[in-house]
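Chemist:
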Amino acid sequence: MRGVEESGWNRAVEVTADSVRVGDAVTLGGRTLTVADLNGLPNGAKQLRFATGEILTLHCRSALTVTRLSPPPPRAYRRRREDR
């Protein structure tokens, strides 16, 4: 994934079963997998289904570092020519 994309910026975020989202990119074994679907399991665990069809169970106490697209930072105020 690139550092900057059209609609936002990529950043590394540590997630648990409670905070993982569809669209998060997880790197496992040198491969980047995108979360396509989430299913809740007993005891707070989540089953992650990736776009490639693979499945990973994330237990409630496990944590992963994922890449998440976030909005770009706000632009600095720029004076208009007529205000100068």
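Each residue of the sequence shown is one higher than the one before, counting from -3 in this note's numbering.
Ideal Cβ positions, reconstructed from N, Cα and C, are used throughout, including at glycine.
To the nearest angstrom, how far is it from the Cα of Ser66 to the Cα of Trp5?
Modeler: As a position in the sequence shown, residue 66 is number 70, starting the count at 1. As a position in the sequence shown, residue 5 is number 9, starting the count at 1. Ser66 and Trp5: Cα-Cα distance of roughly 5 angstroms.
Chemist: Could you tell me whether the Cβ atoms of Arg45 and Val9 are closer together than 9 angstroms?
Modeler: For this step, residue 45 is matched to residue 49 along the sequence shown. For this step, residue 9 is matched to residue 13 along the sequence shown. Contact: no.
Chemist: Under three-state DSSP, which class holds Thr61?
Modeler: In the sequence shown, residue 61 corresponds to position 65, counting from 1. Strand at Thr61.
Chemist: Could you give the distance in angstroms between the alpha-carbon of Gly16 and the alpha-carbon of Pro70?
Modeler: Here residue 16 refers to the residue found at position 20 when the sequence shown is read from its first residue. Here residue 70 refers to the residue found at position 74 when the sequence shown is read from its first residue. The question names Gly, but residue 16 in the sequence shown is Val. Rounded to the nearest angstrom, the two C-alpha atoms are 25 angstroms apart.
Chemist: Apart from the five residues on each side of it in sequence, which residues of its chain come closer than 6 angstroms, Cβ to Cβ, to Glu1?
Modeler: In the sequence shown, the residue the question calls residue 1 occupies position 5. Legend: pLDDT at Glu1 = 44, less than 50; position of this residue unreliable, value from coordinates given subsequently. Excluding sequence neighbours, Glu1 sits near nothing in its chain.
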